[in-house]
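Position 95 (the sequence shown) corresponds to 88 in our numbering; numbering is contiguous. Notes for the one structure printed next.
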Amino acid sequence: MGHVIMPVEFEIFTDPTLVYIRYHGHVKTAEIMEALTQFAPRGAALAGQTHFFDFSKITSYEVDYPLFFKFMAKLLDIYPPEVGQQLNVFYAPPGPPEEMAEMARNPWEGSSKILIRTAQTQEQAFDILGWPRPDVVAHMAALS
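See the structure below:
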């Protein structure tokens, strides 16, 4: 069962493991921090697993930069470098979703551990992942 923290929610799929994180509506840094607090206990066990970030339903966002930098530091605790490479796929159509994805991607630029690939369409995102997983597609459709 998914865990909902408006406007962020996550679901963990198995066989193979995929962490699906969805942002929607108006997103604020404090809400992302709260979601991370909820996710952190499980996140450590999922470090190194592919993450699929769905930014497609973001309508607007508000960034508190000091809090954003604290958020990025907390991510380093959840995803320690010794775990190895991790693929993060960002599904972010043009507009606010793409802007938010770019902001999330920039701090990782040049990292040899966190590999981020951005797609503007769902089809592109699944191409990067290597397959259109029926369980993830059904979950995304149910949320729309």
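Glycine is no exception: its CB is placed at the ideal position from the N, C-alpha and C atoms.
Item: Residues of its chain near L136, where Cβ-Cβ distance is below 7 Å and the 5 sequence neighbours each way are ignored; Value: R15
Item: Backbone CA spacing between N99 and D8 [nearest angstrom]; Value: 30 Å
Item: Residues near A118 by beta carbon distance below 6 Å, same chain, minus five either side; Value: V82, Y84 and A112
Item: Residues of its chain near E91, where Cβ-Cβ distance is below 6 Å and the 5 sequence neighbours each way are ignored; Value: A85
Item: Nearest candidate by alpha-carbon position, reference P0, set S53, A134, A94 and I109; Value: S53
Item: Simplified DSSP assignment, three categories, for V76; Value: helix
Item: R98: first and last residue of the uninterrupted alpha helix (DSSP H) it sits in; Value: P89 to R98
Item: Per-residue burial, L163 [other beta carbons within 10 Å of its own, 16 or more giving buried]; Value: Residue 163 is absent from the structure shown; the chain starts at -6 and stops at 137.
Item: Buried versus exposed call for T43 [16 or more other C-beta atoms within 10 Å across all chains shown]; Value: buried
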